[in-house]
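Asks: If you're matching positions, the sequence shown starts at 590 in this note's numbering and goes up one per residue. Ideal Cβ placement from N, Cα and C applies to all residues, glycine included.
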Amino acid sequence: MKVAVFGRFYNKNTSVSVERLFSYLLKKNIDAYIETEFFKIIKKESARINDFSSFKTFESLDTSFDFLVSIGGDGTILRAITFVKDIDIPIIGINTGRLGFLATIQVDVIESAMQNIIDGNYKISQRSLLSVETSPKNEDIASLSFALNEVAVSRKNTTSMITVETHLDGEYLTSYWSDGLILSTPTGSTGYSLSCGGPVITPSTNSFVLTPIAPHNLSARPLIIPDSTEVHLKVSGREENHLVSLDSRIATLDNGTLIKIKKADFKIKMIDLLDESFLITLRKKLLWGEDKRNN
């Protein structure tokens with residue numbers, strides 16, 4: 590079995606997870622490859638680095654890998670998908686962050702979770718992505734033109750609101766006067782969109798949601814649309830440019846740039862253990878059904 594490992598930090602929150610995972614991979618003689626920059630960080634910080642000297646490193650992945658293990662929070666998984674892209678490698682998320690809707694494996698069950706995965710006791714959750722194109726072309730976006738959670742446009746260097754002209758499949762919807770606008774996938778519905786009043790959408794739902802950011806018009810509400818919809822956005826405002834973010838990646842666009850967003854032609858595979866589900870995660874992470882009066 591050939592496994593890739595990606596992370597961004599090695600500190601008191603992640604060190605235990607990293608060392609438990611690495612020790613397990615060594616014990617099982619698994620062919621492990623660590624992302625180059627992550628391995629450099631571990632070399633500087635870990636007292637046990639000599640124990641892991643047999644591991645190789647990678648800068649890119651190919652179809653020979655069975656899994657990619659992401660150690661961190663959901664933000665780390667959003668970075669990890671830039672390695673997987675469209676080559677169909679399933680992602681395993683070990684959570685060292687906060688909520689962890691995507692990274693659901695906790696540090697105290699790393700060994701048992703990995704054993705279940707190796708034994709085939711898991712299920713695959715297919716996650717839709719957004720694909721972005723701009724006119725005129727922006728090189729920062731063109732190089733990694735997809736997002737798992739959301740695409741958001743927002744103001745830059747100003748406290749003034751922006752106007753986001755919005756078309757759905759060529760038909761004019763409205764012009765949002767707001768701090769910005771989020772187009773979220775079902776996966777991203779528990780992230781930025783939720784913080785701005787958007788609904789929670791189960792991952793298998795074939796839809797996206799448009800969520801305005803602090804709209805001036807209080808009647809501007811989140812709108813659920815089919816994921817077959819092509820969304821066109823164009824921003825105007827007092828400043829000459831604005832921000833567009835694809836998950837955690839940010840670019841600056843000139844006002845008037847046409848932003849075309851649609852469903853990507855590939856999906857990301859997330860590994861779920863058999864005793865986990867999205868509904869269980871909602872109850873755990875959002876404390877649904879909890880009533881402090883009963884404590």
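Under the three-state reduction of DSSP, which class applies to residue 705: helix, strand or coil?
Replies: DSSP places residue 705 in helix when its eight states are reduced to three.
Asks: If you draw a straight line from the C-alpha of residue 729 to the C-alpha of residue 832, how long is it?
Replies: Whole-angstrom Cα-Cα distance: 12 Å.
Asks: Any idea if residue 745 is buried or exposed, counting beta-carbon neighbours within 10 angstroms, 16 or more meaning buried?
Replies: Buried: at least 16 other Cβ atoms inside 10 Å.
Asks: Among 865, 669, 725, which has the Cα closest to the Cα of residue 836?
Replies: That would be 669, whose Cα lies nearest to the Cα of residue 836.
Asks: Using the DSSP secondary-structure output, state which residues sit across from residue 722 in a beta bridge.
Replies: Bridge partners of residue 722: 849.
Asks: By how many angstroms is the C-alpha of residue 846 removed from the C-alpha of residue 827?
Replies: So the alpha carbons of these two residues sit roughly 15 Å apart.
Asks: How big is the Cα-Cα spacing for residue 854 and residue 615?
Replies: Those two C-alpha atoms are separated by around 37 Å.
Asks: Does the distance from the CB of residue 685 to the CB of residue 661 come in under 9 Å?
Replies: Contact flag set, yes.
Asks: Considering only C-alpha positions, which residue in the set 599, 699, 803 is nearest to residue 749?
Replies: Comparing Cα-Cα distances from residue 749 to each of 599, 699, 803, the minimum goes to 803.
Asks: Beta-carbon within less than 6 Å of residue 735's beta-carbon, same chain only, minus the 5 sequence neighbours each way: which residues are those?
Replies: Contacts found: 718, 720, 853.
Asks: Would you report the Cα separation of residue 821 and residue 738, rounded to the nearest angstrom?
Replies: Answer to the nearest angstrom: the Cα atoms are 18 Å apart.
Asks: Return helix, strand or coil for residue 839, following the three-state DSSP convention.
Replies: Note: residue 839 maps to strand in three-state DSSP.
Asks: To the nearest angstrom, report how far apart residue 741 and residue 787 are at their CA atoms.
Replies: Their Cα atoms are separated by approximately 13 Å.
Asks: Taking only runs of the alpha helix (DSSP H) that begin and end inside the stretch 733-818, which ones reach a length of at least 4 residues, in chain order?
Replies: Those alpha helix (DSSP H) runs which fall completely within the stretch 733-818 and span 4+ residues are 781-784.
Asks: Pick out whichever of 629, 862, 713, 690 has its Cα sitting closest to the Cα of residue 644.
Replies: Nearest C-alpha to residue 644: 629.
Asks: Taking a contact to mean a Cβ-Cβ separation below 9 Å, would you say residue 825 touches residue 752 in this structure?
Replies: Taking 9 Å as the Cβ cut-off, residue 825 and residue 752 qualify as a contacting pair.
Asks: Helix or strand or just coil, what does DSSP make of residue 834?
Replies: Of the three classes helix, strand and coil, the one that applies to residue 834 here is strand, per DSSP.
Asks: If you draw a straight line from the C-alpha of residue 634 to the C-alpha of residue 792, how long is it?
Replies: Straight-line Cα distance between these residues: approximately 37 Å.
Asks: How would you write the range of the alpha helix (DSSP H) that residue 605 sits in, first residue to last?
Replies: Counting along the chain, the alpha helix (DSSP H) containing residue 605 begins and ends at 604-616.
Asks: Whose C-alpha, out of 799, 702, 781, is nearest the C-alpha of residue 863?
Replies: Among 799, 702, 781, the Cα nearest to that of residue 863 belongs to 702.
Asks: Rounded to the nearest angstrom, how far is the Cβ of residue 755 from that of residue 782, given a contact under 8 Å?
Replies: Actually they are not in contact, since the Cβ atoms of residue 755 and residue 782 sit about 15 Å apart, beyond 8 Å.
Asks: In chain order, which continuous runs of the alpha helix (DSSP H) of length 4 or greater are located wholly inside the stretch 610-663?
Replies: Listed in chain order, the complete alpha helix (DSSP H) runs (minimum 4 residues) inside the stretch 610-663 are 625-634.
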